[in-house]
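Chemist:
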Amino acid sequence: MDQQEIPQSMVHPFDQSEKRSFLSPFLLGVIGIAIALGVGTGFLISRGGRIPTFPAGSSVKGSQNVDLVKGTVVGSSDTETFKDLVEGTLAEGGIDGEGQYHLVRVGGESQYVYFTSSVIDLSTLVGRKIKAWGQTQKAQKAGWLMDVGRVEILE
Numbered sequence: 033m034d035q036q037e038i039p040q041s042m043v044h045p046f047d048q049s050e051k052r053s054f055l056s057p058f059l060l061g062v063i064g065i066a067i068a069l070g071v072g073t074g075f076l077i078s079r080g081g082r083i084p085t086f087p088a089g090s091s092v093k094g095s096q097n098v099d100l101v102k103g104t105v106v107g108s109s110d111t112e113t114f115k116d117l118v119e120g121t122l123a124e125g126g127i128d129g130e131g132q133y134h135l136v137r138v139g140g141e142s143q144y145v146y147f148t149s150s151v152i153d154l155s156t157l158v159g160r161k162i163k164a165w166g167q168t169q170k171a172q173k174a175g176w177l178m179d180v181g182r183v184e185i186l187e
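33 is the number of the first residue of the sequence shown in the numbering used here; add one for each residue after it.
1) When you compare each of Pro57, Gly181, Ile67 to leucine 154 by their alpha carbons, which one comes out closest?
2) Give the straight-line distance between the Cα atoms of isoleucine 63 and glycine 70, rounded to the nearest whole angstrom.
3) Based on the DSSP secondary-structure assignment, which residues constitute the bridge partners of glutamine 169?
4) Measuring straight from C-alpha to C-alpha, what distance separates tryptophan 165 and proline 57?
5) Do you know offhand how far leucine 135's Cα is from glycine 103's?
6) Are the CB atoms of glutamate 130 and lysine 173 nearer to each other than 9 Å?
7) Can you name the start and end residues of the alpha helix (DSSP H) that glycine 70 belongs to?
8) How would you label isoleucine 67, buried or exposed, when you count the other beta carbons within 10 angstroms and need 16 or more for buried?
9) Considering only the beta carbon of each residue, do glycine 175 and serine 142 sit closer than 9 Å?
10) Where does the unbroken beta strand (DSSP E) through aspartate 116 begin, and where does it stop?
11) Given that a residue counts as buried once 16 or more other Cβ atoms are within 10 Å of its Cβ, and exposed if not, what is isoleucine 77?
12) For threonine 113, which of helix, strand or coil comes out of DSSP?
13) Spatial neighbours of valine 17 within its chain, please: CB distance less than 7 Å, with the 5 preceding and 5 following residues excluded, ordered by chain position.
14) May I ask which residues mark the beginning and end of the beta strand (DSSP E) holding valine 145?
15) Where DSSP assigns a beta bridge to leucine 135, which residues make up the other side?
Spelled out as structure tokens, the structure:
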């Protein structure tokens, strides 16, 4: 077989004097900013795009400074998130690890509502008759598990 000669003008060494990295400082900066914006946007979306607000005199963890008299309302004013409503007497204890408190209601133990709270320190309300606004949570053992966001003291 004949091997053809390749003309010298077609073969030449690569110019290695100008080596540019694909990850230039500018590109790294752009990538860093994009990641930061993505994380920030994801955080805001996960919170529903709004920041919870609490009215004056309300309670967030540690409500010892609030006078616990009939008619006092503590917690969040966000009734869209905390839309479920229940009344009864607050007692300590959950059921099989679900809830730290429960609401005693007419009808006995089968009517208890088990509570957790991401907003209110419920320990200051034990033994009081209350009206509670909350968000129903999925439960394994409790008939009704609620994250309480707002409470009105009835007695």
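All residues carry an ideal CB built from backbone N, CA and C; glycine is no exception.
Modeler: By the coordinates alone:
1) Per the Cα distances, Gly181.
2) If you take the alpha carbons of isoleucine 63 and glycine 70, they lie about 11 Å apart.
3) As DSSP reads the structure, glutamine 169 sits in a beta bridge with Leu177.
4) If you take the alpha carbons of tryptophan 165 and proline 57, they lie about 53 Å apart.
5) Between leucine 135 and glycine 103, the C-alpha separation is close to 18 Å.
6) Result yes, Cβ atoms of glutamate 130 and lysine 173 sit closer than 9 Å.
7) Element bounds for glycine 70: 57-78.
8) Around the beta carbon of isoleucine 67, fewer than 16 other beta carbons lie within 10 angstroms, which makes this residue exposed.
9) Going by C-beta atoms, glycine 175 is nearer than 9 Å to serine 142.
10) For aspartate 116, the enclosing beta strand (DSSP E) has its first and last residue at 116-124.
11) Exposed: under 16 other Cβ atoms inside 10 Å.
12) Coil.
13) Nothing in the structure corresponds to residue 17, since the chain is present only between 33 and 187.
14) 145-148 is the extent of the beta strand (DSSP E) around valine 145.
15) According to DSSP, leucine 135 bridges with Leu122, Val145.
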